[in-house]
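Protein chains in written order, with this note's numbering: chain X, 133 to 250; chain E, 14 to 129.
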């Protein structure tokens with residue numbers, strides 16, 4: 133079946149503009165995560181959705197960043213008034229519902245959106 | 014706090030050598046999961062293995078093996094007889110239930126280069 137799909141794959145924007153990144157998780161996956169990966173760096177957690185609620189927004193770097201999710205489906209990550217330091221690959225991942233207390237389902241990652249702010 | 018440390022930033026070996034990637038984690042939770050992911054030059058993240066905190070049995074899958082030791086909070090990954098195709102960035106990750114929410118925390122990654 134289809135994997136996690138992210139669009140656009142590449143986005144170049146001017147500083148100060150708003151951008152919207154989209155993630156289509158694997159069908160039936162209840163949990164959805166956004167991560168940021170700067171060039172040559174590790175994965176930085178941004179936000180996690182369980183269904184359409186976000187129990188953990190602790191990773192959002194500033195109030196310019198927001199995300200929403202419709203049901204157990206598409207999620208959008210919006211960055212307002214982009215800055216050059218926002219340039220990175222934004223990765224989305226989803227996973228299936230855990231069984232009872234056994235939260236062991238692995239994350240399935242999309243290919244990411246490469247954002248370049250000029 | 015939940016934290017994953019991959020102290021080796023970069024490793025470079027010659028093909029056919031064995032190589033071990035270190036991962037040390039911190040968590041207060043008694044129930045947690047550990048993962049390894051591979052990120053080849055193409056960029057996608059590929060799931061390799063998960064291990065739960067109750068199962069310290071080591072695992073071998075072909076040339077890959079994992080050594081989980083709770084006593085030292087380590088979950089090391091060994092590639093035997095390395096190949097050029099193993100060149101990638103490898104991430105160790107920890108998932109635990111934190112304040113009612115699932116959180117997956119990644120280490121900074123180890124860039125592995127296998128030279129022919």
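All C-beta atoms in this analysis are idealised placements derived from N, C-alpha and C, irrespective of residue type, glycine included.
query: With a cut-off of 9 Å, does the C-beta of residue 156 (chain X) fall near any C-beta of chain E?
result: To locate residue 156 (chain X), count along the first chain from 1; it is residue 24. Judged by the 9 Å Cβ criterion, residue 156 (chain X) is not in contact with chain E.
- prompt: Counting contacts by CB-CB distance shorter than 9 Å, is residue 177 (chain X) in contact with chain E?
  reply: Taking the first chain and counting its residues from 1, the one referred to as residue 177 (chain X) is at position 45. Judged by the 9 Å Cβ criterion, residue 177 (chain X) is in contact with chain E.
- request: For residue 58 (chain E), write down the residues that DSSP places opposite it in a beta bridge.
  value: Taking the first residue of the second chain as position 1, residue 58 (chain E) is located at position 45. The partner list for residue 58 (chain E) (beta bridge, DSSP) is empty, contrary to what the question assumes.
- prompt: Thinking just about the alpha-carbon of each residue, which of E:109, E:119, E:118, E:103 is nearest to the one in residue 32 (chain E)?
  reply: Numbered from its first residue, the second chain carries residue 32 (chain E) at position 19. Selected option, being the one with the closest Cα: E:103.
message: Would the region 38-52 of chain E count as touching the region 88-107 of chain E if we require 3 or more Cβ pairs under 8 Å?
response: yes
- prompt: How would you label residue 34 (chain E), buried or exposed, when you count the other beta carbons within 10 angstroms and need 16 or more for buried?
  reply: As a first step, residue 34 (chain E) is located in the second chain; it is residue number 21 there, counting from the start. Its Cβ being crowded by 16 or more others within 10 Å, residue 34 (chain E) is buried.
- request: Name the two residues that bound the continuous beta strand (DSSP E) containing residue 156 (chain X).
  value: Against the first chain, residue 156 (chain X) aligns to sequence position 24. Here the beta strand (DSSP E) through residue 156 (chain X) covers 151-156.
message: Going by the DSSP bridge assignment, what does residue 188 (chain X) pair with across the sheet?
response: Start at 1 with the first residue of the first chain, and residue 188 (chain X) comes out as number 56. The partner list for residue 188 (chain X) (beta bridge, DSSP) reads X:180.
- prompt: Does the beta-carbon of residue 248 (chain X) have 16 or more other beta-carbons within 10 angstroms, so that it is buried, or is it exposed?
  reply: As a position in the first chain, residue 248 (chain X) is number 116, starting the count at 1. Per the 10 Å Cβ criterion, exposed.
field: Closer than 9 Å to chain X by CB, residue 130 (chain E)
entry: Look at the range of chain E in this structure, 14 to 129, and you will see that residue 130 (chain E) is not part of it.
- prompt: What do you get for residue 27 (chain E), buried or exposed, if any count of 16 or more other CB atoms within 10 angstroms of its CB means buried?
  reply: The residue given as residue 27 (chain E) occupies position 14 in the second chain. Under this definition residue 27 (chain E) is an exposed residue.
message: Can you tell me whether residue 73 (chain E) is buried or exposed? The criterion is at least 16 other CB atoms within 10 Å of its CB, across all chains shown.
response: Taking the first residue of the second chain as 1, we reach residue 73 (chain E) at position 60. That one is exposed.
field: Sequence-distant residues of the same chain with beta carbon closer than 7 Å to residue 57 (chain E), five excluded per side
entry: Counted from its first residue, the second chain places residue 57 (chain E) at position 44. Cβ neighbours of residue 57 (chain E) beyond the five flanking positions: none.
task: May I ask which residues mark the beginning and end of the beta strand (DSSP E) holding residue 72 (chain E)?
output: For the purposes of this step, residue 72 (chain E) is taken as residue 59 along the second chain, with counting starting at 1. Segment 72-74, the beta strand (DSSP E) holding residue 72 (chain E).
message: Helix, strand or coil, according to DSSP, for residue 84 (chain E) in the structure here?
response: Indexing the second chain from 1 puts residue 84 (chain E) at position 71. Of the three classes helix, strand and coil, the one that applies to residue 84 (chain E) here is helix, per DSSP.
message: Does the distance between the C-beta of residue 165 (chain X) and the nearest non-hydrogen atom of the ligand ATP fall short of 8 Å?
response: The model depicted lacks the ligand ATP and carries no ligand whatsoever.
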